[in-house]
Amino acid sequence: MRSTLALWLLALSGCVVDADDDGSPLGEDCDDLDASRWPEADEICGDGVDSNCDGEDSVGCSVEASARAVFEYSAHDAYWGWPAVIGSDVTGDGRDDVAIGMLVGATWPGVVEVWSGDNFDPGSTPDLFTSDCAVFDHTDADTHTGVAFDLMPDSDGDGVGELVVARYSASDTVNREVLFVMGPCDGGIYPEDADATVAGDSGPGSSVAGLSDLDGDGLGDAAFGWRYDSVGARYGGAAWLLSGTTLAEGGDLDPDDLGLLIVGDEGDELGWDLRSAGDLNGDGLTDVAIAADEADEDVVFFGGDIEVATVASSDADLVFTGSALDSLLPYAPESAGDLDGDGLDDLVVDRGSAGDGLFWGASLEGESSISRGSSDVLIDTMWARSVGDLDGDGLPDIAACTACLDEEAGIILVSGVDVPATGTVDDALTYGSFDTGIWTAYAGGGDLDADGYDDLVIGQPGYSATDGYSDEHAGRAFILLGW
13 MRSTLALWLL
23 ALSGCVVDAD
33 DDGSPLGEDC
43 DDLDASRWPE
53 ADEICGDGVD
63 SNCDGEDSVG
73 CSVEASARAV
83 FEYSAHDAYW
93 GWPAVIGSDV
103 TGDGRDDVAI
113 GMLVGATWPG
123 VVEVWSGDNF
133 DPGSTPDLFT
143 SDCAVFDHTD
153 ADTHTGVAFD
163 LMPDSDGDGV
173 GELVVARYSA
183 SDTVNREVLF
193 VMGPCDGGIY
203 PEDADATVAG
213 DSGPGSSVAG
223 LSDLDGDGLG
233 DAAFGWRYDS
243 VGARYGGAAW
253 LLSGTTLAEG
263 GDLDPDDLGL
273 LIVGDEGDEL
283 GWDLRSAGDL
293 NGDGLTDVAI
303 AADEADEDVV
313 FFGGDIEVAT
323 VASSDADLVF
333 TGSALDSLLP
343 YAPESAGDLD
353 GDGLDDLVVD
363 RGSAGDGLFW
373 GASLEGESSI
383 SRGSSDVLID
393 TMWARSVGDL
403 DGDGLPDIAA
413 CTACLDEEAG
423 IILVSGVDVP
433 ATGTVDDALT
443 YGSFDTGIWT
453 AYAGGGDLDA
463 DGYDDLVIGQ
473 PGYSATDGYS
483 DEHAGRAFIL
493 LGW
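Residue numbering for the sequence shown follows our numbering, starting at 13 and increasing by one per position.
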């Protein structure tokens, strides 16, 4: 107290006082006895300290300073860090895992790397070369392994999840494939060493999703798609729903004998993206949402028996109408979890340049067709998605990006308890935010360090460490622990 009083007396006498020598004088510095706190300091999310003197903790955070781990690639045009997922334990140690790969269009054959959650325990030093499991191609740069992937819940009853990976060739010289590595996943794995492979001349291979339980057998299931498939109509696209029990056969699986095949109308490019829609109708089964890149509709199929049959996308249980074609990167509707606690999962839907929409599960009951623009809540940003319960309040949180593909890009976090029943979600409701820059991807929903808080992975596939050619667009990714 005496030290602080003495500093203020010196300042009042006309002296420039900077007791902690941090370059910020008393009067501008919020704590002139602590060199780690000053207006230009990096804000660290979740540490309970207002480092940058803006009156708030966890807003405008430095993603570098806040990260538990930073994985930085060093190859030209690798675009590493997108996709990225956190979820099921596929390494078999009982902890949630994180998987990170390369963006579609990369000039490298592709790789998916998986780290077990114990890599992020106190005292550990995780880095790019300590992954527990990796699926990587060894052919040529024309083949993209890992353009899409997911950590799939346990499908064979051994208590360990599976890794599902999409692989395709840009020149049509090899079949599109979906690879299944049955857990525990360990060490390096070539595509031909996968436990099960689904291949076809026209699909699948552009999108995949691991799903909790579509058919009610208590085991994980999968969905995958190929947007250019013409099995139903020219470039109509297709999506397959597969019971996880089918994977027990292993080896090469025929897509025609797998499960439910959903086909789009001519030119729809159905299967561009697909995701879990959660349990929208409260029947205890997982529902699946599928995007059609060139159509004005996204479709949702409710969970149920998975039979070997072909149906049209128009047979969906729920259709979202209205164009989102001006979206920077259209994506399928995705579960937001049960934000309002009514026992029904809620849904985030892409509304294009208008932002995103949040539909409460209850408002979708009895509906078969609904306009994107009629969402209960407008999320006034883009690429909104549930990232699990980062703040430990018992409700899932929402992450969304600002200036998504700009150098000034950032991520905002909104706590589930702050999402209004109607109205708008914007940056005024955030409890945390990161200044990221350079194309940003993010995912959550798994608790890597087993502390009861879900964690977050942020990817920057456009990141370049220097201005040189060798690491241009090499990419990097950050692991941030919930708080």
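Heads up, the beta-carbon is just placed ideally off N, CA and C, and yes, glycines get one too.
Determine, using beta carbons only, whether residue 410 and residue 348 come nearer to each other than 8 Å. Working through the sequence shown from its first residue, we reach residue 410 at position 398. Working through the sequence shown from its first residue, we reach residue 348 at position 336. In this structure, residue 348 lies closer than 8 Å to residue 410 by Cβ.
For residue 89, is the beta carbon positioned less than 7 Å from some heavy atom of the ligand FMN? Although the ligand FMN was asked about, the structure shown includes no ligands whatsoever.
Assign residue 384 to one of two classes, buried (16 or more other C-beta atoms within 10 Å of its C-beta) or exposed (fewer than that). Counted from its first residue, the sequence shown places residue 384 at position 372. The residue is buried, with at least 16 neighbouring Cβ atoms inside 10 Å.
Is it buried or exposed, residue 255, if we count other Cβ atoms within 10 angstroms and call 16 or more buried? Position 243 of the sequence shown holds residue 255. Residue 255 should be labelled buried.
Taking the alpha helix (DSSP H) that residue 375 belongs to, which residues open and close that run? Working through the sequence shown from its first residue, we reach residue 375 at position 363. 373–376 is the extent of the alpha helix (DSSP H) around residue 375.
Nearest-angstrom Cα separation, counted from residue 492 out to residue 415: Taking the sequence shown and counting its residues from 1, one reaches residue 415 at position 403. Taking the sequence shown and counting its residues from 1, one reaches residue 492 at position 480. Each residue's alpha carbon lies about 21 Å from the other.
Evaluate the contact criterion for the segment 47–62 versus the segment 435–442: three or more CB pairs, one atom per stretch, below 8 Å. no
In chain order, what residues of the same chain have a beta carbon less than 7 Å from the beta carbon of residue 219, not counting five sequence neighbours either side? Start at 1 with the first residue of the sequence shown, and residue 219 comes out as number 207. Excluding sequence neighbours, residue 219 sits near 160, 178, 236, 237, 283, 284, 285 and 286.
Using C-beta distances below 8 Å, list every residue in its chain close to residue 120, excluding the 5 sequence neighbours before and after it, in chain order. If you number the sequence shown from 1, residue 120 lands on position 108. Hits under 8 Å: 87, 89, 90, 114 and 153.
Own chain partners of residue 43 with C-beta closer than 6 Å, once the 5 adjacent residues on each side are dropped: Looking up residue 43 in the sequence shown gives position 31. Cβ neighbours of residue 43 beyond the five flanking positions: 49.
Considering residue 75, what are the terminal residues of the alpha helix (DSSP H) in which it resides? Here residue 75 refers to the residue found at position 63 when the sequence shown is read from its first residue. Looking at the DSSP string, the run of the alpha helix (DSSP H) that includes residue 75 is 75–78.
Ignoring anything shorter than 4 residues, give me the alpha helix (DSSP H) runs that lie fully in the segment 74–112, in order along the chain. Listed in chain order, they are 75–78.
By DSSP, does residue 364 sit in helix, in strand, or in coil? Looking up residue 364 in the sequence shown gives position 352. Residue 364 falls in the helix class under three-state DSSP.
What residues match up with residue 175 in a beta bridge as DSSP calls it? Numbered from 1 along the sequence shown, position 163 holds the residue referred to as residue 175. 163 and 193.
Considering only C-alpha positions, which residue in the set 132, 94, 95 and 83 is nearest to residue 107? By 1-based counting over the sequence shown, the position of residue 107 is 95. Among 132, 94, 95 and 83, the Cα nearest to that of residue 107 is on 132.
By the DSSP assignment, the beta strand (DSSP E) with residue 313 in it spans what residues? For this step, residue 313 is matched to residue 301 along the sequence shown. Unbroken beta strand (DSSP E) run through residue 313: 309–313.
Is the Cβ-Cβ distance between residue 123 and residue 158 less than 8 Å? Your numbering for residue 123 matches position 111 in the sequence shown. Your numbering for residue 158 matches position 146 in the sequence shown. Contact: yes.
Using DSSP with H/G/I as helix, E/B as strand and the rest coil, what is residue 440? As a first step, residue 440 must be located in the sequence shown, where it is residue number 428. In this structure, residue 440 counts as helix in the three-state DSSP scheme.
Assuming residue 259 and residue 221 are in contact, meaning their beta carbons sit under 8 Å apart, how far apart are those beta carbons, in whole angstroms? Against the sequence shown, residue 259 aligns to sequence position 247. Against the sequence shown, residue 221 aligns to sequence position 209. The Cβ separation is near 15 Å, so there is no contact.
On the DSSP bridge list, what partners appear for residue 318? Residue numbering aside, residue 318 sits at position 306 when the sequence shown is read from its first letter. Partner(s): none; residue 318 has no beta bridge.
From residue 321 to residue 206, what distance separates their C-alpha atoms? Numbered from 1 along the sequence shown, position 309 holds the residue referred to as residue 321. Numbered from 1 along the sequence shown, position 194 holds the residue referred to as residue 206. C-alpha separation (whole angstroms): 26 Å.
Look up residue 489 in the DSSP assignment and say whether it is helix, strand or coil. Position 477 of the sequence shown, counted from the first residue, corresponds to residue 489. Here residue 489 sits in strand by DSSP.
Could you tell me the distance, in whole angstroms, from the CA atom of residue 315 to the CA atom of residue 406? Position 303 of the sequence shown holds residue 315. Position 394 of the sequence shown holds residue 406. Looking at the two C-alpha atoms, the distance is approximately 26 Å.
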